[in-house]
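Each remark here refers to the structure printed beneath this line.
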Amino acid sequence: DLGVRHIQLNWSMKNCLSASQSEENTRQDTGLSDLGRNVIERMNELGMIVDVSHSSPETISDVLDVTSKPILNSHSGSRVIANKQQNLWDEQIRELSDNGGILAIHFCSRLVLGVDDRQSTIPDVISQIKYVKNKGGVDLIGLGPDWILGDTERDEKYMHNTEQETITWTKCLEDSSRIKNLIPQLQLAGFSEHEIDRILYLNMQRIFKAVLPS
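Residue numbers for the sequence shown follow the working numbering, so the first one is 11 and each next one is one higher.
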C-alpha cells in the first residue's frame, strides 16, 4: 500500500503551507512558508508528487527552488492564451520544463479560452497544447481535465455552493469516455504518434517513475 502519494498545496485560498492564486499581486503572496518548505523536502524524501495547481506565482517559484524532484501542475494552461489566474505565464512554463515537471492542460472552457461566456472546442485545446509545446517542449505536457460535473446529489450541491453552475467543459471532451476525440485533432495538428502518446500518458508515467517509490 503506497498510501498518499500526491498533494496539491492549494485550492483558491492561502493556508499554512503556501499562498494561492487568489493572493497574486498582493502582499499576501508570500510563497511557501517555512513549514511549506519543510513539507516539500519531506515529500521529496518520501516519494510524493508535489502539485502546484492553484498556487500563487511566488509559491510556484519557491517550490521549484526547494524541490529536488519533478513537480506537477495538474490542471492549468497558458496564461498568454487565456489570462486566468490558474494558468501560467511563459517564464513559469519554461521553469517547469527545466524542472522536468508536467503542465497538464485544463479542459474547462474559461481556462482554455480566457472568457466566461463561450464553450471551448477541441481545436482550442490543441492551441493550448501547441503553445505550451512551443514554450516548454512536448515532454512538459499532460492532460488535466479537472472534471467535477456529475449526476449525484452531492455534485449538484457542490456546484451550487461554489457558484459554478455556469462552468462548461470543452465540447466533445466533457468526460473521460471522450478523451479519444482528442487524438485525430492532434494528428491533424502535426503531432507524431510518439508525441501523442507522451501527451496522453507517457509524460505522466515518467513523473510517477521519477518521484514515487519503486
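Yeah, the Cβ is synthetic: ideal placement off N, Cα and C, and Gly gets one too.
**Study point:** alpha helix (DSSP H) segments (min. 4 residues) lying fully within the segment 64 to 94
**Key:** The segment 64 to 94 contains these whole alpha helix (DSSP H) runs: 67 to 76.
Check your understanding: Should the segment 75 to 82 be regarded as contacting the segment 119 to 128, the criterion being three or more beta carbon pairs within less than 8 Å?
Key -> The segment 75 to 82 vs the segment 119 to 128: no contact.
Practice item. Please work out which residues of its chain come closer than 8 Å, Cβ to Cβ, to Asn109, disregarding the five sequence neighbours upstream and downstream, and give them in chain order. Key: Result list for Asn109: Leu74, Thr77, Pro80 and Ile81, in chain order.
Review point. Who are Ile17's beta bridge partners in DSSP?
Key: Val60, per the DSSP bridge assignment.
Point to revise | Coil, strand or helix - Ser130 by DSSP | key: Note: Ser130 maps to coil in three-state DSSP.
Point to revise | Spatial neighbours of Ser86 in its chain, beta-carbon cut-off 8 Å, leaving aside the 5 residues before and after | key: Contacts found: Ser63, Gln96, Asn97, Leu98, Leu113, Ala114, Ile115, His116, Leu121 and Gly154.
Exercise for review: Could you check how far apart the C-beta atoms of Pro67 and Glu105 are, in whole angstroms? I think they sit under 8 Å.
Suggested key: Not a contact, Cβ separation roughly 10 Å.
Check your understanding: So, is Met214 buried or exposed, given that buried needs 16 or more other C-beta atoms within 10 angstroms?
Key -> Buried.
Check your understanding: Taking the C-alpha atoms as reference points, what is the distance between Ala199 and Ile136?
Key -> Near 8 Å, if we compare the C-alpha coordinates of Ile136 and Ala199.
**Study point:** Under 8 Å between C-beta atoms of Lys94 and Gly124
**Key:** Yes.
Check your understanding: Helix or strand or just coil, what does DSSP make of Ala114?
Key -> Three-state DSSP puts Ala114 in a strand.
Review point. How would you write the range of the beta strand (DSSP E) that Ile151 sits in, first residue to last?
Key: It spans Ile151 to Leu153 - the beta strand (DSSP E) in which Ile151 sits, taken as one unbroken run.
Review point. So Ser88 and Ile103 are in contact, right, with Cβ under 8 Å, and what is the actual spacing, rounded?
Key: By a beta-carbon distance limit of 8 Å, Ser88 contacts Ile103. Their separation comes to about 7 Å.
Check your understanding: What's the call for Trp179, buried or exposed, on a 16-neighbour Cβ count within 10 Å?
Key -> Buried.
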